[in-house]
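Trainee: Okay, here's the structure, questions in a sec.
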Amino acid sequence: MTKDLQFDFTVDKAAKTVVITREFDAELSLVWDAFTTAELLDQWVAPKPWSARTKHMNFEVGGSRLYAMVSPEGMERWALQKYTAITPKTHFKMFNAFADAAGNPEAEGSDWDYQFTDQGETTKVIISIYNESMARLERMIEMGFKEGYAASMQNLQALLLSLSNK
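Once you know that position 42 of the sequence shown is 220 in our numbering, the rest is easy, because the numbers rise by one and skip nothing.
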């Protein structure tokens, strides 16, 4: 039986915030690992036909992840994430900014707040993204963030299903 899994994507321009709510047909610990482990992130975070490649990741408060979204032609779009708060299996926060391959961030970024809730057979993830400026929010929207993130969420559900069946 296919479950009707929640996926909501809300943009609040006045608050410069995007809120994404997504349910996954997988246990909490597996969903948590998929969001916090470089090897798993690289398998789902880029919408196809793009891929993701993590250069380094240290998932701890004060740690960071530097990764690239790589186009089929090899063009790289780099991002730096700095972890600012972690409560295992339930919550983490990070600052995200576009960057160069050396990890030098652009001036503006966004604060991402992830909440994970065990719902028995499913796991709910709520992601609040606060942008430092309206220009950055507009850039995300223009880059197709909603469509790209929706595709990434589908990639993640497929990965979770394959990992659950092992």
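No residue lacks a Cβ here, since even glycine has one placed at the ideal position from N, Cα and C.
Assuming Gly252 and Phe273 are in contact, meaning their beta carbons sit under 8 Å apart, how far apart are those beta carbons, in whole angstroms?
Mentor: No, Gly252 and Phe273 are not in contact; Cβ-Cβ is about 28 Å, not under 8 Å.
Trainee: May I ask you to report which of helix, strand or coil DSSP gives Val239?
Mentor: coil
Trainee: Can you give the beta carbon distance from Tyr308 to Lys191, rounded, assuming they're within the 8 Å contact cut?
Mentor: Actually they do not touch by this definition, with Cβ atoms about 12 Å apart.
Trainee: Can you grab the Cα-Cα spacing for the pair Glu217 / His234, in whole Å?
Mentor: Taking the CA atoms as reference points, Glu217 sits about 11 Å from His234.
Trainee: Name the two residues that bound the continuous alpha helix (DSSP H) containing Lys324.
Mentor: Phe323 to Ser342
Trainee: Taking just the CA atoms, how far does Arg243 sit from Pro283?
Mentor: 12 Å
Trainee: Taking C-alpha atoms, which residue in Ile264, Ala313 and Thr199 lies nearest to Thr300?
Mentor: Ranking Ile264, Ala313 and Thr199 by Cα distance to Thr300 puts Thr199 first.
Trainee: Assign Pro164 to buried or exposed, taking buried as 16 or more other Cβ atoms, counted over all protein chains shown, within 10 Å of its Cβ.
Mentor: The structure shown does not extend to residue 164, since the chain is modelled only from 179 through 344, so no value can be given for it.
Trainee: Tell me whether Gln297 is buried or exposed, calling it buried when 16 or more other Cβ atoms sit within 10 Å of its Cβ.
Mentor: exposed
Trainee: Terminal residues of the continuous beta strand (DSSP E) containing Trp256?
Mentor: Glu254 to Thr265
Trainee: Using only CA atoms, which one of Met318, Thr214, Val197 and Val209 lies nearest to Gln259?
Mentor: Thr214
Trainee: Closest to Ser207 by C-alpha separation, out of Phe294, Gln335 and Ser330, would be which residue?
Mentor: The shortest Cα separation from Ser207 among Phe294, Gln335 and Ser330 belongs to Phe294.
Trainee: Alpha carbon to alpha carbon, how far is Val248 from Glu254? Give it in angstroms, no decimals.
Mentor: If you draw a straight line from the Cα of Glu254 to the Cα of Val248, it is about 5 Å long.
Trainee: Grab me the residues of Ile319's own chain with a C-beta within less than 8 Å of its C-beta, minus the 5 sequence neighbours each way, in chain order.
Mentor: If we look at Ile319 and ignore the five residues flanking it on each side, its Cβ neighbours are Val189.
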